[in-house]
Every structure is written in structure tokens, then in C-alpha cells.
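If you want this note's numbering, it's the 1-based position in the sequence shown plus 139. C-beta atoms are modelled at their ideal positions from N, C-alpha and C, and glycine is treated no differently.
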Amino acid sequence: MFLLFLISAVSAATLNGDIVSPRDPNEKRYWEQRKTTKVILDNGEKFAYPDANGHFKFFGVEDGTHIVEVYDAMYHFNPVLVEVSGSIITAQDGVPTALRQERVPYPLRFTAERRIHYFETREGFSIASIFLNPMVLIAVVMIGLTFCMPKMKLDPEQMKEMKEMQKTMNTGWLGSLMQPPQGLS
């Protein structure tokens, strides 16, 4: 049993690396090593917390292909694909670009790619947003029609035609519907 443990300890490697501040100089002022940053190996099979300088280590990593990810509440880090073969450790970018994966130097060095924004920024006040509101547009059109329609001049012939049409509408069965009932007072 002890021999089996010794053989497995010999074939296991130590995987280490660093977490560094973001590339963007504007983001460096927000960067601080937090206790919530967590380095995960193989979807949570093993995990490590970086120290104050950002160093982390995984002991007893077995031969094979592993994925190393950094979880942080404020920043996004790209995962790294690590292949361990005895004491030889090779690393590739976990997000392939243009059908090929780029080699990553070992020891691993994780750099924050971007800050995670959970909320949308609130839109500022604008006069244009008020006037482009559909309800306001409809109200403006209706008020405009209310003031413009009486000012339109009709020629006398059209006026006669409209009065005749009103008389014919009032004499038919439709006109009886339009007039108030008689004798209900």
C-alpha cells in the first residue's frame, strides 16, 4: 500500500501560477486581491485561494489534461488547458481562437481580461426622450388638428353639399337613431 502511495506521489506534479492585475490602467485602481478570488482545477475537483501576492499552488496533480479556471466576483479570467505528463507541464489557452490554441507560458499567469458589469448604467435625462415618446407625439398631432381644422376654408359649393348630406342623414332611419327620443320629459 505504501509503495502504491509512493508511486502515485512520484507521478503527481505540482501546478503553480500567479494572478496579476488587469491590463487596463483605468481598472488597476480598482484591483485588489480579494478573498473571494478562487482558482479551480477540473471544475471544482481541487481548488486553491491565492495568497496576498497572487500566488497559488496545486499539489498532487495527476498526469492528464486539466482545465484551470479563476473565479472572481468582479473580473473575468480566461481558462487555461494544462497537460501534465510526469514533471513536464504544458499549457494552452482554454479559449481557442482561429482554429488553433495559443501556448501559455508556465508557471501560469492569469490576467484579468475585463471587469464584469452586472447592471446597466442608467440613461440620463434628455428633452428629446420626452418629445419622442409616442403618447406625446399623438397628443401633439391631436392638438394640432384641433386648432388647424376650423381654420381650413371650404368653398361655398362644398359647404352646400355637406349641408345637404346632413339633411338626408337626418331624414332616413339613420337620422332617427341620431335624434334624441321625444316625449320622455
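Buried/exposed call for residue i, threshold 16 Cβ in 10 Å
i: L276; result: exposed
i: P161; result: buried
i: F198; result: exposed
i: Q305; result: exposed
i: H205; result: buried
i: G203; result: exposed
i: G263; result: exposed
Cβ-Cβ separation, residue j to residue i (assumed contact under 8 Å), whole Å
i: V200; j: N217; result: Incorrect: roughly 20 Å between the Cβ atoms, too far for contact.
i: T175; j: D211; result: 7 Å
i: V219; j: G193; result: Not confirmed; about 15 Å, so no contact.
i: F195; j: V223; result: So it is not a contact: roughly 16 Å between Cβ atoms.
i: M281; j: R254; result: Not confirmed; about 48 Å, so no contact.
i: H215; j: E252; result: 5 Å
Coil, strand or helix - residue i by DSSP
i: S268; result: helix
i: V221; result: strand
i: V234; result: coil
i: V159; result: strand
Touching by the beta-carbon criterion (3+ pairs, under 8 Å), the stretch 182 to 190 and the stretch 223 to 232: no
May I ask you to verify whether the stretch 242 to 249 touches the stretch 257 to 266, counting CB pairs closer than 8 Å and requiring at least 3? no
Which complete beta strand (DSSP E) runs does the stretch 236 to 305 hold, if anything under 3 residues is left out? 247 to 250
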